[in-house]
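So the sequence shown is numbered by our numbering: it starts at 27 and just counts up by one.
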Amino acid sequence: MRTRLEALPHRHVLTLPTMPSAVRTARETAERALAEWGINPRHPTVDPALLILSELVTNSVRHAAELSPQLTVIYAAGEDTLAFAVHDRHPHQPALYATLIDAGSGGLTTVMELTLGLGGTAVVRGDADGRGKSIWITLPL
């Protein structure tokens with residue numbers, strides 16, 4: 027699945043403190059944005075996408091809060107694509123696809139199984155200064 031994220035007409039950016047309440051706020055914001063963009067909440071991609079988003083924000087809260095007092099969620103959508111990213115300022119860049127080989131049971135394994143099961147993609151993009159990263163998920167609608 028190859029979509030130019032810049033070409034997606036709908037976007038929303040949310041910056042939150044890296045604390046547990048960010049998970050709920052990020053999910054509720056996603057639900058509102060999808061509704062505003064006319065994406066049916068019963069679409070088969072929506073519930074798994076919300077779980078993926080929740081897992082990524084949870085990982086930032088658990089593992090990045092000490093170095094990253096804030097996290098940013100970027101939501102984007104087009105006619106046939108839903109994309110979102112979770113950004114924090116922790117330098118560790120997880121090997122997303124390795125989580126499938128290691129047969130783990132953690133949040134990233136869930137993220138990758140759901141993403142690939144839906145025909146989506148996952149990418150880690152490091153910040154230019156090497157001190158943070160974004161994990162981008164792109165899913166077909």
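Quick reminder that beta carbons are idealized off the backbone N, C-alpha and C, glycines included.
Remember, it's a predicted structure, so these values are computed and weren't measured experimentally.
Cut-off 7 Å between Cβ atoms - residues of its own chain near residue i, not counting five sequence neighbours on either side
{"i": "P120", "result": "L134 and V150"}
{"i": "V49", "result": "S80, V83, T84 and V87"}
{"i": "R157", "result": "R115 and P117"}
Counted within 10 angstroms of its Cβ, other Cβ atoms place residue i as buried (16 or more) or exposed
{"i": "M138", "result": "buried"}
{"i": "V83", "result": "buried"}
{"i": "E32", "result": "exposed"}
{"i": "S160", "result": "buried"}
{"i": "A124", "result": "exposed"}
Euclidean distance between Cα positions of residue i and residue j
{"i": "A90", "j": "I65", "result": "31 Å"}
{"i": "E62", "j": "L34", "result": "15 Å"}
{"i": "G143", "j": "A102", "result": "20 Å"}
{"i": "A148", "j": "L77", "result": "14 Å"}
{"i": "T51", "j": "E105", "result": "25 Å"}
{"i": "A59", "j": "T71", "result": "15 Å"}
{"i": "I100", "j": "H69", "result": "20 Å"}
{"i": "A154", "j": "P67", "result": "36 Å"}
{"i": "W162", "j": "E57", "result": "18 Å"}
{"i": "L42", "j": "A111", "result": "13 Å"}
Cβ neighbours of residue i in the same chain (closer than 8 Å, five flanking residues each side left out)
{"i": "T44", "result": "S86, V87, A90, A91, S94, P95, Q96, L97 and D114"}
Contact belief for residue i with residue j at Cβ below 8 Å, rounded distance in angstroms
{"i": "T141", "j": "L126", "result": "Not a contact, Cβ separation roughly 10 Å."}
{"i": "A108", "j": "A75", "result": "Checking the sequence shown, residue 108 turns out to be Leu, not Ala. About 6 Å separates the two Cβ atoms, so the contact holds."}
Beta-ladder partner(s) of residue i, from DSSP
{"i": "T107", "result": "P166"}
{"i": "Y123", "result": "According to DSSP, which records beta bridges pairwise, Y123 is partnered with nothing at all."}
{"i": "H118", "result": "H118 pairs with nothing; no bridge assigned."}
{"i": "L97", "result": "L42"}
Other residues of its chain near residue i: CB distance less than 6 Å, five sequence neighbours each side excluded
{"i": "H116", "result": "A90, L93 and S94"}
{"i": "R37", "result": "A102"}
{"i": "G152", "result": "Q119 and K159"}
{"i": "T136", "result": "E81"}
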